[in-house]
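> Provided herewith is a single structure, encoded as structure tokens, for subsequent inquiry.
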Amino acid sequence: GAGVSQSPSNKVTEKGKDVELRCDPISGHTALYWYRQSLGQGLEFLIYFQGNSAPDKSGLPSDRFSAERTGGSVSTLTIQRTQQEDSAVYLCASRYPTGGLYGYTFGSGTRLTVV
Amino acid sequence: DQQVKQNSPSLSVQEGRISILNCDYTNSMFDYFLWYKKYPAEGPTFLISISSIKDKNEDGRFTVFLNKSAKHLSLHIVPSQPGDSAVYFCAAIIPSGNTPLVFGKGTRLSVIA
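Structure (structure tokens):
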């Protein structure tokens, strides 16, 4: 596709349930990032994939959060045993290697609400 | 700890006037700075950037100023238009560090017609 696609666009889940959020990056973009925006907060870095290198997981807030990227393309962010504080907009971005530092292209995000 | 700080959560400006959005950073290793604009229900989009070797970068109605000694940058929009109403995020990065962009909390700009 022409842009970064995220699904679902909205997700309401009960506390304690697991959720999976999906990101389809732009074809050929080897770098993929997950951020989240909680109410009143900025864009908080979660995890970063670059090609075949080990991902940078330094931003994951707890071990309930994990992400994988299959075949260097689609990425799934999984949140286990969701809590109310996990409610946020989860944004995915991808970047072409020579796309420059301004080359991040963001998806529209998944709005997660934990009730 | 917030390495990139946008201390004004919101700003309201009359159409045609200048909008000034401010950003401060704490990490002296940051070497490249960017502004992103975000409309509701959309992802952030790149607006303008500046390298630390410059103190000003201009693109149409948008100008970014960098004061490296003060660890401060600002985005000027002139003249402001109603379509500029959005949330503006300041971001910083260490280009050689293979690290992701670090964002501030954003400033919501409202341009009043």
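Order-wise, the sequence lines are chains A and B.
Quick note: to get our numbering, add 354 to the position in the first sequence (first position is 1).
Quick note: to get our numbering, add 217 to the position in the second sequence (first position is 1).
Backbone N, C-alpha and C define an ideal beta-carbon position, used for all residues, glycine too.
1) Taking the beta strand (DSSP E) that residue 224 of chain B falls in, what are its first and last residues?
2) Identify the continuous beta strand (DSSP E) that holds residue 383 of chain A and give its terminal residues.
3) Could you tell me which chain B residues have their CB closer than 7 Å to the CB of residue 396 of chain A, listed as they occur along the chain?
4) To the nearest angstrom, how far is the alpha carbon of residue 287 of chain B from that of residue 257 of chain B?
5) Can you grab the Cα-Cα spacing for the pair residue 376 of chain A / residue 362 of chain A, in whole Å?
6) Excluding sequence positions up to five away, which residues of its chain have a Cβ less than 7 Å from the Cβ of residue 417 of chain A?
7) Please report the distance separating the alpha-carbon of residue 459 of chain A from that of residue 368 of chain A.
8) Three Cβ pairs or more, each shorter than 8 Å: is that satisfied between the region 408-428 of chain A and the region 290-300 of chain B?
9) For residue 392 of chain A, return the contacting residues in chain B, with the cut-off set at a CB-CB distance below 7 Å.
10) Could you check whether residue 303 of chain B and residue 271 of chain B sit closer than 8 Å to each other, using their CB atoms as the reference points?
11) Report yes or no: is there a C-beta of chain B within less than 8 Å of the C-beta of residue 445 of chain A?
12) Tell me, which residues are paired with residue 283 of chain B by DSSP?
13) If you measure from the beta carbon of residue 261 of chain B to each beta carbon in chain A, is any gap under 8 Å?
14) Express the C-alpha separation of residue 420 of chain A and residue 435 of chain A in angstroms, rounding to a whole number.
15) Applying a beta-carbon distance threshold of less than 7 Å, which residues of chain A neighbour residue 287 of chain B?
16) Cutting at 6 Å between CB atoms, please list the residues of its own chain near residue 372 of chain A, excluding the five before and the five after it.
17) Which residues does DSSP list as the beta-bridge partners of residue 325 of chain B?
18) Under a three-way DSSP split, which group does residue 276 of chain B fall into?
19) Helix, strand or coil for residue 438 of chain A, going by three-state DSSP, please let me know.
20) Confirm, please, whether the CB-CB distance from residue 319 of chain B to residue 221 of chain B is below 8 Å.
21) What residue does the beta strand (DSSP E) around residue 247 of chain B start on, and which one ends it?
Once the coordinates are examined:
1) From DSSP, residue 224 of chain B is part of no beta strand (DSSP E); its letter is neither H nor E.
2) Here residue 383 of chain A belongs to no beta strand (DSSP E), and DSSP marks it neither H nor E.
3) 306, 320, 321, 322, 323
4) 32 Å
5) 7 Å
6) none
7) 31 Å
8) no
9) Under the 7 Å cutoff, chain B gives no residues; its nearest Cβ is about 10 Å from residue 392 of chain A.
10) no
11) yes
12) B/290
13) yes
14) 12 Å
15) None at all; the shortest Cβ gap to chain A is about 21 Å.
16) 434
17) B/227, B/304
18) strand
19) helix
20) yes
21) Premise fails: residue 247 of chain B is in no beta strand (DSSP E) and is neither H nor E.
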